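S.K.: Can you keep this structure in mind? I'll have questions shortly.
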Amino acid sequence: MQSVAARHGKSIMLWGDMLLQHPAALAELPADCEILDWAYFPSNRFEKCGEFTARSLATTVCPSVRGFGLMFNAVAEARDVIAAYARTGHQYGARGLLNTDWGDYGHFNMPPAALHGLALGAQLAWNPNNDAHAAFDRAFSRVLFNAPDSRPAELFTLAGSVPPVVAAWPFAPLRGLPRPADPAPLREIAAQAEAWAAEFAALPASPWTDETDLAQLALACRFLRLGALLAADAPAAETRPLLDELEKAYTPLWFAESLPRGLLDLHHRGFAPLRARL
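According to the working numbering, the sequence shown is numbered sequentially starting from 259.
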């Protein structure tokens with residue numbers, strides 16, 4: 259592969275996880291290849307990037323905006339991972355940071371739900387010592403939403419901190435996720451998610467976030483409401499009409515940015531089997 263790439267003036271990139279399973283192969287790698295070392299969860303060992311840089315292999319650390327398998331990105335965990343990996347990568351001599359945005363299960367998650375993580379990755383790749391919390395949230399809210407305070411970033415964090423049983427895609431009943439014993443907190447999340455949706459919808463469009471982005475963020479929060487009701491074992495008389503309404507609203511927003519066949523995949527993965535269970 260390297261010789262073919264070299265004929266075209268290119269070099270290869272390799273994901274680091276498979277190489278760490280076969281450390282003897284590191285010595286055999288071409289000198290001009292690049293390692294993409296990924297870690298997506300706070301429990302991951304970020305120092306592993308040093309195993310590549312210690313061998314003078316060009317290494318890029320790859321955190322994630324954490325949208326895979328979710329209806330709204332796991333913003334709080336993504337913040338922790340991006341910050342930790344940016345600082346650790348810099349400490350061990352990584353050449354840069356590449357944020358990843360995997361969808362999984364059809365990439366249901368709305369593209370603008372990744373904006374917080376993407377912006378934070380840029381902020382910390384530029385300078386890993388930049389503030390990843392209050393100062394960043396104020397700047398993010400001001401630049402992307404023309405907001406006078408950090409409320410837009412707070413909405414991202416709130417929606418991106420709900421339990422996995424609420425945010426799961428495909429929906430938690432289809433994933434076999436157990437319901438919590440106490441449904442009361444889930445009912446509260448359902449009410450809050452509807453309020454978050456209203457706040458996102460009321461934000462003004464900006465050069466960075468247009469009307470489609472705001473509509474997608476609002477709809478993602480309304481899907482969190484559905485997820486919370488499902489996890490709370492709400493009756494079908496409450497969840498079935500909401501599912502129908504949300505799928506209808508999702509369709510034009512999907513077509514605004516994605517290929518039609520992907521919507522069929524989402525229908526067969528999530529909407530149709532859930533409807534059959536209700």
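Ideal Cβ positions, reconstructed from N, Cα and C, are used throughout, including at glycine.
Model, not experiment: these values are computed from the prediction.
Pick out the complete beta strand (DSSP E) segments inside the stretch 396-479, 3 residues or longer, and give them in chain order.
M.R.: Runs found: none.
S.K.: For aspartate 295, name the three-state secondary structure that DSSP assigns.
M.R.: Translated into positions along the sequence shown, residue 295 becomes position 37. Strand.
S.K.: Is DSSP giving methionine 329 helix, strand or coil here?
M.R.: To locate residue 329, count along the sequence shown from 1; it is residue 71. Coil.
S.K.: Could you tell me whether the stretch 496-503 touches the stretch 376-392, using the rule of 3 or more Cβ pairs below 8 Å?
M.R.: With the cut-off at 8 Å, the stretch 496-503 and the stretch 376-392 do not touch.
S.K.: I need the straight-line Cα distance from lysine 306 to arginine 535, nearest angstrom please.
M.R.: Position 48 of the sequence shown, counted from the first residue, corresponds to residue 306. Position 277 of the sequence shown, counted from the first residue, corresponds to residue 535. Their backbone Cα atoms lie some 44 Å apart in a straight line.
S.K.: Taking buried to mean at least 16 other C-beta atoms within 10 Å of its own C-beta, is glutamine 279 buried or exposed?
M.R.: For the purposes of this step, residue 279 is taken as the residue at position 21 of the sequence shown. Glutamine 279 comes out exposed.
S.K.: Taking leucine 402 and leucine 373 to be in contact with their CB atoms under 8 Å, please state how far apart those CB atoms are, rounded to whole angstroms.
M.R.: In the sequence shown, residue 402 corresponds to position 144, counting from 1. In the sequence shown, residue 373 corresponds to position 115, counting from 1. That belief holds up - the Cβ atoms of leucine 402 and leucine 373 are roughly 6 Å apart, short of 8 Å.
S.K.: Between the alpha carbons of aspartate 290 and threonine 317, how many angstroms are there, rounded?
M.R.: The sequence position of residue 290 within the sequence shown is 32, counting from 1. The sequence position of residue 317 within the sequence shown is 59, counting from 1. Taking the straight line from one Cα to the other gives about 11 Å.
S.K.: Exposed or buried, phenylalanine 310, counting other C-beta atoms within 10 Å across all chains shown (16 or more means buried)?
M.R.: By one-based count along the sequence shown, residue 310 stands at place 52. Buried, since its Cβ has 16 or more Cβ neighbours within 10 Å.
S.K.: Check each candidate in Ala492, Trp427 and Ile447 and name the one with the smallest Cα separation from alanine 417.
M.R.: The residue you call residue 417 lines up with position 159 of the sequence shown. Ranking the options by Cα distance to alanine 417, first place goes to Ile447.
S.K.: Our contact map puts isoleucine 293 next to leucine 315 with C-beta atoms below 8 Å; I'd like the distance itself, whole angstroms only.
M.R.: Counting from 1 along the sequence shown, the entry for residue 293 is found at position 35. Counting from 1 along the sequence shown, the entry for residue 315 is found at position 57. Confirmed, about 5 Å.
S.K.: Pick out whichever of Arg337, Pro443, Asp407 and Tyr363 has its Cα sitting closest to the Cα of arginine 483.
M.R.: Within the sequence shown, the letter at position 225 stands for residue 483. For the residues Arg337, Pro443, Asp407 and Tyr363, the minimum Cα distance to arginine 483 belongs to Pro443.
S.K.: Can you tell me which of the three DSSP states glycine 375 falls into?
M.R.: One-based indexing of the sequence shown puts residue 375 at position 117. In the structure shown, glycine 375 sits in a helix (DSSP, three-state: H, G or I).
S.K.: Do leucine 524 and glycine 364 count as a contact pair if the criterion is CB distance below 7 Å?
M.R.: To locate residue 364, count along the sequence shown from 1; it is residue 106. To locate residue 524, count along the sequence shown from 1; it is residue 266. A contact, by the Cβ cut-off of 7 Å.
S.K.: Is it the case that the Cβ atoms of arginine 232 and leucine 504 are separated by a distance below 7 Å?
M.R.: This structure leaves residue 232 out entirely; the chain is present only between 259 and 536.
S.K.: Just to check my reading of the structure: alanine 411 and phenylalanine 398 have Cβ atoms closer than 8 Å, yes? What is that Cβ distance to the nearest angstrom?
M.R.: If you number the sequence shown from 1, residue 411 lands on position 153. If you number the sequence shown from 1, residue 398 lands on position 140. That pair is a contact at about 5 Å.
S.K.: To test your reading of the DSSP string, which unbroken alpha helix (DSSP H) runs of 4 or more residues are found completely within the stretch 477-527?
M.R.: Those alpha helix (DSSP H) runs which fall completely within the stretch 477-527 and span 4+ residues are 494-513 and 518-524.
S.K.: Comparing alpha-carbon positions, which option in Leu284, Asn385 and Ala425 lies nearest arginine 345?
M.R.: As a first step, residue 345 is located in the sequence shown; it is residue number 87 there, counting from the start. Residue Asn385 is the option with its Cα nearest to arginine 345.
S.K.: Going by DSSP in three states, valine 319 sits in which element: helix, strand or coil?
M.R.: For this step, residue 319 is matched to residue 61 along the sequence shown. Strand.
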